[in-house]
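Read the structure below first, then the notes.
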Amino acid sequence: MHSLSRTILVTGASSGIGRAVAKNLLQQGHQVIGIARDSGKFRQDIQGFTAVQLDLADLQALPEQLRKLAQAFPAIDGIIFCAGKGQFGSVEEFSYRQINDLMALNFTSQAYLTRAFLPALKRQPRSDLIYIGSEAALKGSRKGAVYCASKFALRGFTQALREECGKSHVRVCLINPGMVRTAFFDPLAFAPGDDASNALTPQDVAEAVCYVLESSSQMVVDELNLNPLNKVVKFK
Ligand SMILES: NC(=O)c1ccc[n+]([C@@H]2O[C@H](COP(=O)([O-])OP(=O)(O)OC[C@H]3O[C@@H](n4cnc5c(N)ncnc54)[C@H](OP(=O)(O)O)[C@@H]3O)[C@@H](O)[C@H]2O)c1
């Protein structure tokens, strides 16, 4: 059991990894604020849960929305960054707009969110920033130029941020999963193979998040790389 109840902001809480993370945290008695573009995807009656509807890719509107969010929830002492999307293709298949939009959601919005909450997080006795990167943060792959760039950017950001937070009680962690069986693959031309061993489950990643949150307060888990036992990709 937990001695400490925390107030955790979870982005992308309506689906996949973020949803599993939010569920786990609620089961453990924490307060959860969940962000998604469509808050209609959330049940309205969950104790300890507050839904916030926000388009993280709308960088114009984001600073003011985040200022209000930080003001409304001063108790937040952790953020789990799960919102993001996959888009794959050769560089020439991407429009300029698509390059911008993918970087905006997968990287720049995470930097904005960090920027908005860091002053308050530094005032907490203990706080955690846990980012969902990807295996694509570690190695470039075919048709992954823009997606990998967004995840490499996130990895560089978290490495530098960890240094920056080194004199505070803010811990920074990057979790890099391989394929996880979620709606992420719905719009894509590929998916993990059908066998259970071909993909992680969202719950696997949520458990890793819990491990990081619950790890002893003098320790920082820098990065965790998680992969399915048997990597099999299926083309649709
Ligand atoms: N699945 C994998 O194999 C895998 C592997 C490695 C890393 N990842 C990373 O894990 C993260 C989560 O992926 P997932 O597999 O859980 O995907 P998912 O099931 O598609 O969930 C994505 C979540 O992000 C939210 N979201 C998307 N665009 C948003 C926006 N503009 N503003 C606010 N929220 C937005 C979605 O909610 P709404 O649609 O309601 O906005 C949803 O809750 C992503 O960063 C992804 O790159 C996934």
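Just so you know, we're using my numbering here: the sequence shown kicks off at 256 and counts up by one.
Idealized CB from N, CA, C, for every residue including glycine.
Which whole runs of the alpha helix (DSSP H) in the segment 330-372 are 4 residues long or more, in chain order?
For the segment 330-372, whole alpha helix (DSSP H) runs of length 4 or above, ordered along the chain, are 351-358.
Determine the contact status of residue 310 and residue 292, defining contact as a CB-CB distance below 8 Å.
Taking the first residue of the sequence shown as position 1, residue 310 is located at position 55. Taking the first residue of the sequence shown as position 1, residue 292 is located at position 37. Taking 8 Å as the Cβ cut-off, residue 310 and residue 292 qualify as a contacting pair.
If we call anything under 8 Å between Cβ atoms a contact, is residue 525 one with residue 426?
For residue 525 there is no data in the structure shown, the boundaries of the chain being 256 and 491.
When you measure from the CB of residue 287 to every non-hydrogen atom of ligand 1, does any distance come out below 7 Å?
Position 32 of the sequence shown, counted from the start, is the residue given in the question as residue 287. No, since every heavy atom of ligand 1 falls outside the 7 Å radius drawn around the Cβ of residue 287.
With DSSP as the reference, please indicate the residues paired to residue 478 in a beta bridge.
Here residue 478 refers to the residue found at position 223 of the sequence shown. Beta-bridge pairing links residue 478 to 429.
Using alpha carbons as the reference points, say which of 344, 432, 289 lies closest to residue 410.
Working through the sequence shown from its first residue, we reach residue 410 at position 155. Comparing Cα positions, the closest option is 432.
Between the segment 351-360 and the segment 391-405, are three or more C-beta pairs nearer than 8 Å?
Flag = yes, the segment 351-360 and the segment 391-405 touch.
Can you grab the Cα-Cα spacing for the pair residue 367 / residue 413, in whole Å?
As a position in the sequence shown, residue 367 is number 112, starting the count at 1. As a position in the sequence shown, residue 413 is number 158, starting the count at 1. When rounded, the distance between both Cα atoms is 13 Å.
Enumerate in chain order the residues of its own chain whose CB-to-CB distance from residue 384 is below 6 Å, with the five nearest sequence positions on each side excluded.
Counting from one through the sequence shown, the residue named residue 384 turns up at place 129. So the qualifying residues of the chain are 334, 427.
In or out: residue 260 buried (at least 16 other Cβ within 10 Å) or exposed?
Counting from 1 along the sequence shown, the entry for residue 260 is found at position 5. By the neighbour-count rule (16 or more Cβ atoms within 10 Å), residue 260 is not buried but exposed.
Are the beta-carbon atoms of residue 349 and residue 266 separated by less than 8 Å?
Working through the sequence shown from its first residue, we reach residue 349 at position 94. Working through the sequence shown from its first residue, we reach residue 266 at position 11. No, the Cβ-Cβ distance between residue 349 and residue 266 is not below 8 Å.
Note the first and the last residue of the continuous beta strand (DSSP E) segment covering residue 264.
Position 9 of the sequence shown, counting from 1, holds the residue named residue 264. Residue 264 -> beta strand (DSSP E) spans 262-266.
Using a threshold of 8 Å, state whether the C-beta atoms of residue 289 and residue 269 are closer than that.
On the sequence shown, residue 289 is found 34 positions in, with the first residue counted as 1. On the sequence shown, residue 269 is found 14 positions in, with the first residue counted as 1. Yes; because the gap between Cβ atoms is below 8 Å, this pair is in contact.
With distance defined between alpha-carbon atoms, name the residue in 486, 342, 388, 307 nearest to residue 441.
Residue 441 sits at position 186 when you count from the first residue of the sequence shown. Of the listed residues, the one whose Cα sits closest to residue 441 is 342.
Spatial neighbours of residue 213 within its chain, please: C-beta separation below 6 Å, excluding the five flanking residues on both sides.
Beyond the ends of the chain as shown, which are 256 and 491, falls residue 213; an answer cannot be given.
Compute the beta-carbon to beta-carbon distance between residue 372 and residue 331, rounded to the nearest angstrom, for a pair I have assumed lies under 8 Å.
Within the sequence shown, numbered from 1, the residue matching residue 372 stands at position 117. Within the sequence shown, numbered from 1, the residue matching residue 331 stands at position 76. Contact holds; Cβ gap of about 6 Å.
Indicate, with yes or no, if ligand 1 has a heavy atom lying under 7 Å from the CB of residue 310.
Start at 1 with the first residue of the sequence shown, and residue 310 comes out as number 55. Yes, the beta carbon of residue 310 sits closer than 7 Å to at least one heavy atom of ligand 1.
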